[in-house]
Amino acid sequence: MGLLDNSSQKSYYEGTEFGGYQFISLENVINNFIVSYVGDDKIISKLKRGDVAFHAQRALQELSFDTFKSTKSQEIVIPPSLTMVLPQDYVNYVKLVWSDSKGVERIIYPTSKTSNPLKISQDVNGVYQFTGDNLTTSNDSTTWENFKSDSAVASTSEGYKFDDAAYDYNVGQRYGIDPQYAQANGSWYIDPLTGKIHFGSSLSGKTLILHYISDGLGTDSEMVVPKLAEEAMYKCIAYGIMSTRANVQEFIVRRFQKDKFAAVRKAKLRLSNLKLEELTQILRGKSKQIKH
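110 is the number that my numbering gives to position 110 of the sequence shown; each next residue is one higher, with no gaps.
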């Protein structure tokens, strides 16, 4: 029986969930694995469903980081506080951009030349202040206050970047410029202690878009696997189970490890979505001469 026999085209096109056929739910992956791999005369004779579910979730997490298209995004207007709270399911960032009036995304580069250290309160003599037995501290440091109040940070008016009157003699003589400051889109850094992103003052009021990576386990609707990588999920689950079971010979574990490696590599190639026509157009553009 076909997978589409029980659903009508009318219900699909009048609904709201489009493109779902390219995915398979994690629940179905677990069920399919138990049917195909567990039982008499099969690779695994006996196994608890909870074990399969654990290794399936671990496989989904690992594949979400560098194989699946698990990039998510959030858009906000940067407030006067010049901070953004990290998303609830944030694992790592892909890039931060701000959107201009034409909808073009302008990438913002992270800065490594500042931070927001924990500020310790002191009196006029420099003696540490205490609240009970603990040091009195503040999450907003003087370093951060100075960074966000300086309009020259990550703005086009910064003198050492340009040949203004004070630096006319630097024409053609500035070597080794730091690329993170050789642009005018702004700068930012993440404070892991407070779980916030901090921005330079030139970005206040701009529309910010954060592209970030999640692990695919945020909600039930997100726990899906692209069908192009379904086989990789089965191989990852099988290797995870066989590598943690007792009395399994090493050569069998190695065999499952090789199968996993090959399946993940194939999934990456499939999900890379390389199209011959698009690559041809890019190469044609590379061969054009740019006249000055």
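Using N, Cα and C, we set each Cβ at its ideal position, and we do this for glycine too. Remember, predicted model here, so these are calculated numbers, not experimental data.
According to DSSP, is F68 part of a helix, a strand, or is it coil?
coil
Inter-residue spacing [alpha-carbon to alpha-carbon] between T219 and P192
24 Å
What does the Cβ neighbour count give for Y21, buried or exposed, with the cut at 16 atoms within 10 Å?
exposed
If you run the structure through DSSP and keep just helix, strand and coil, what is D163?
In this predicted model, D163 has a pLDDT of only 45, less than 50, meaning its place in the structure is not dependable enough to derive any value.
DSSP three-state label for D40, please.
coil
Residue range of the unbroken alpha helix (DSSP H) whose run includes E278:
276-286
How would you label Y234, buried or exposed, when you count the other beta carbons within 10 angstroms and need 16 or more for buried?
buried
Residues bridged to K196 by DSSP?
V85, D191
Do L271 and K69 have their C-beta atoms closer together than 8 Å?
yes
Taking its Cβ as the centre, do 16 or more other Cβ atoms sit within 10 Å of D215, making it buried, or is it exposed?
buried
What three-state label does DSSP hand T207 in the structure shown?
strand
Please classify L276: is it buried, with 16 or more other beta-carbons within 10 angstroms of its beta-carbon, or exposed?
exposed
Taking Cβ positions, are L313 and I108 nearer each other than 8 Å?
Residue 313 is absent from the structure shown; the chain starts at 1 and stops at 292.
Which stretch, first to last residue, makes up the alpha helix (DSSP H) that contains V94?
Looking at the DSSP string, V94 is not in any alpha helix (DSSP H); the run it does join, the beta strand (DSSP E), is 92-99.
Name, in chain order, the residues that DSSP records as bridge partners for L135.
F130
Assess, as a yes-or-no matter, whether the segment 126-136 is touched by the segment 193-209 under the definition of 3 or more beta carbon pairs within less than 8 Å.
no
Could you tell me the distance, in whole angstroms, from the CA atom of K48 to the CA atom of G240?
14 Å
Whose C-alpha, out of E14, I44, S25, S11, is nearest the C-alpha of N247?
I44
Quick check: the Cα distance between V104 and A184, rounded to an integer number of angstroms?
15 Å
Rounded to whole angstroms, what's the CA-CA distance from T280 to S99? Just pull it up for me.
29 Å
Below 8 Å, how does it come out for the segment 245-261 and the segment 76-89: are there three or more Cβ pairs, yes or no?
no
Limits of the beta strand (DSSP E) - the one that Y109 falls within:
105-110
Counting C-beta neighbours from all protein chains within 10 Å, is the total for V52 16 or more, i.e. buried, or is it exposed?
buried
DSSP on A154, reduced to helix/strand/coil?
Any answer about A154 is weak, because its pLDDT of 45 lies below 50 and its placement is not dependable; what the coordinates show is given next. Reduced to three states, the DSSP call for A154 is coil.
Y212 versus N28, D40, D89, residue with shortest Cα-Cα distance:
D89
Exposure label - L26; buried when at least 16 CB within 10 Å:
buried
Beta-carbon contacts of S141 that lie in its chain and below 6 Å, excluding the five residues immediately before and after
N116, P117, K119
Would K10 be called buried (16 or more neighbouring beta carbons within 10 Å of its own) or exposed?
exposed
Sheet register partners of K119 (DSSP bridge):
S138
Name the DSSP beta bridge partners of I24, please?
V225
What are the boundary residues of the alpha helix (DSSP H) that L269 is part of?
250-271
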